[in-house]
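K.L.:
Numbering (my numbering), first residue to last: 7 to 101. Using N, Cα and C, we set each Cβ at its ideal position, and we do this for glycine too. Quick caveat: nothing in here was measured; it's all calculated off a predicted structure.
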Amino acid sequence: RNQEIALASASLIEGLNNVSIFSFGSDGTDGPTDAAGGYVHGQTSQLLRDKAIDVEKVLTDNDSYHALEAIDGLIMTGPTGTNVNDLSVVLIKAK
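1) Just reading off the alpha helix (DSSP H) that Asp56 is part of, what are its end residues?
2) May I have the straight-line CA-CA distance separating Gly37 from Ser70, to the nearest angstrom?
3) Determine, using beta carbons only, whether Asp92 and Gly31 come nearer to each other than 7 Å.
4) Under 8 Å by Cβ, that's how I've got Leu3 and Leu13 pegged, so tell me the actual separation to the nearest angstrom.
5) Going by C-alpha distance, which of Thr83, Val46 and Gly48 is nearest Asp33?
In C-alpha coordinates:
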(Lines of atoms letter the chains of each structure in order from A and count residues from 1; the text may use other names and numbers.)
(Lines give C-alpha, C1' and ligand atoms only; values in the text may rest on other atoms or scores of the structure.)
Protein backbone atom coordinates (compact mmCIF):
# COMPACT_ATOMS: atom_id res chain seq x y z
CA ARG A 1 0.00 0.00 0.00
CA ASN A 2 2.79 2.47 0.79
CA GLN A 3 4.69 1.77 -2.39
CA GLU A 4 1.48 2.25 -4.37
CA ILE A 5 0.69 5.52 -2.59
CA ALA A 6 4.09 6.85 -3.55
CA LEU A 7 4.03 5.58 -7.12
CA ALA A 8 0.48 6.75 -7.76
CA SER A 9 1.40 10.25 -6.65
CA ALA A 10 4.38 10.54 -9.04
CA SER A 11 2.29 11.76 -11.96
CA LEU A 12 0.62 14.37 -9.76
CA ILE A 13 3.94 16.07 -8.96
CA GLU A 14 5.61 15.53 -12.33
CA GLY A 15 7.84 18.45 -13.25
CA LEU A 16 7.76 20.00 -9.78
CA ASN A 17 11.40 20.28 -8.77
CA ASN A 18 10.57 21.26 -5.20
CA VAL A 19 8.23 18.38 -4.23
CA SER A 20 8.93 14.87 -2.95
CA ILE A 21 6.57 12.28 -1.50
CA PHE A 22 7.32 9.21 0.56
CA SER A 23 5.20 6.66 2.35
CA PHE A 24 6.33 3.79 4.57
CA GLY A 25 5.26 1.33 7.23
CA SER A 26 6.79 1.67 10.67
CA ASP A 27 7.29 -2.10 10.88
CA GLY A 28 9.84 -1.91 8.06
CA THR A 29 7.84 -3.99 5.60
CA ASP A 30 5.10 -3.12 3.15
CA GLY A 31 2.81 -6.02 2.46
CA PRO A 32 4.69 -9.13 1.34
CA THR A 33 7.82 -7.19 0.30
CA ASP A 34 11.11 -6.43 2.02
CA ALA A 35 10.67 -2.69 1.44
CA ALA A 36 9.13 -0.39 4.03
CA GLY A 37 7.66 1.86 1.33
CA GLY A 38 8.47 4.15 -1.55
CA TYR A 39 9.82 7.58 -2.46
CA VAL A 40 9.06 9.74 -5.52
CA HIS A 41 9.88 13.25 -6.71
CA GLY A 42 9.06 15.52 -9.63
CA GLN A 43 11.28 13.61 -12.05
CA THR A 44 10.11 10.10 -11.13
CA SER A 45 7.55 9.80 -13.93
CA GLN A 46 10.16 10.69 -16.54
CA LEU A 47 12.68 8.26 -15.05
CA LEU A 48 10.09 5.49 -15.33
CA ARG A 49 9.24 6.41 -18.94
CA ASP A 50 12.96 6.38 -19.75
CA LYS A 51 13.01 2.75 -18.57
CA ALA A 52 9.84 1.96 -20.57
CA ILE A 53 7.85 1.36 -17.40
CA ASP A 54 4.11 2.01 -17.79
CA VAL A 55 2.98 3.32 -14.40
CA GLU A 56 -0.72 2.74 -15.06
CA LYS A 57 -0.06 -0.92 -15.92
CA VAL A 58 2.21 -1.31 -12.90
CA LEU A 59 -0.47 0.10 -10.60
CA THR A 60 -3.16 -2.08 -12.20
CA ASP A 61 -0.94 -5.12 -11.68
CA ASN A 62 -0.13 -4.09 -8.08
CA ASP A 63 3.59 -4.25 -8.85
CA SER A 64 4.89 -0.92 -7.58
CA TYR A 65 7.85 -2.67 -5.98
CA HIS A 66 9.63 -3.48 -9.25
CA ALA A 67 8.95 -0.05 -10.78
CA LEU A 68 10.32 1.75 -7.73
CA GLU A 69 13.23 -0.68 -7.50
CA ALA A 70 14.21 0.20 -11.07
CA ILE A 71 14.68 3.88 -10.13
CA ASP A 72 16.02 3.46 -6.57
CA GLY A 73 12.68 4.60 -5.14
CA LEU A 74 12.26 1.91 -2.49
CA ILE A 75 12.65 2.68 1.20
CA MET A 76 14.52 -0.22 2.79
CA THR A 77 14.84 -0.22 6.56
CA GLY A 78 14.61 -3.88 7.48
CA PRO A 79 12.19 -5.11 10.14
CA THR A 80 11.84 -2.68 13.05
CA GLY A 81 10.03 -4.96 15.49
CA THR A 82 7.16 -2.51 15.87
CA ASN A 83 3.95 -2.06 13.95
CA VAL A 84 2.62 1.32 14.98
CA ASN A 85 1.52 3.06 11.81
CA ASP A 86 1.99 3.97 8.19
CA LEU A 87 3.32 7.42 7.44
CA SER A 88 2.88 9.39 4.21
CA VAL A 89 4.71 12.68 3.80
CA VAL A 90 4.72 15.42 1.18
CA LEU A 91 7.83 17.60 1.27
CA ILE A 92 7.66 20.98 -0.45
CA LYS A 93 10.75 23.15 -0.54
CA ALA A 94 9.86 26.82 -0.37
CA LYS A 95 11.23 28.81 -3.27
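P.N.:
Taking the structure as given:
1) Thr50 to Asp56
2) 11 Å
3) yes
4) The chain is shown from 7 up to 101; residue 3 falls before or after that span and cannot be answered.
5) Thr83
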